[in-house]
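Residue numbers (my numbering): 7 to 56.
The beta carbon of each residue, even a glycine, is placed where N, CA and C say it ideally should be.
Quick caveat: nothing in here was measured; it's all calculated off a predicted structure.
Scroll down for the structure; my scribbles are underneath it.
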């Protein structure tokens with residue numbers, strides 16, 4: 007098994023990264039929760055450029 011991937015030489019661990027992961031998961035859940043189920047709506051994610 008390989009070690010963790012270092013992006014730009016930074017390695018983060020502990021409570022701060024756990025909090026960031028929870029916030030990211032909650033954001034994704036808010037985006038897709040209205041897309042699931044029989045009356046789900048189609049979603050399109052667009053960035054600043056379009």
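Item                                                                                                                          : Value
Could you tell me the boundaries of the alpha helix (DSSP H) in which residue 21 lies?                                        : 21–38
Any chance the CB of residue 25 is under 7 Å from a heavy atom of the ligand SAM?                                             : Although the ligand SAM was asked about, the structure shown includes no ligands whatsoever.
Between the Cα of residue 4 and those of 19, 51, 18 and 28, spot the shortest distance and give me the residue it belongs to. : The structure shown does not extend to residue 4, since the chain spans only 7 to 56, so no value can be given for it.
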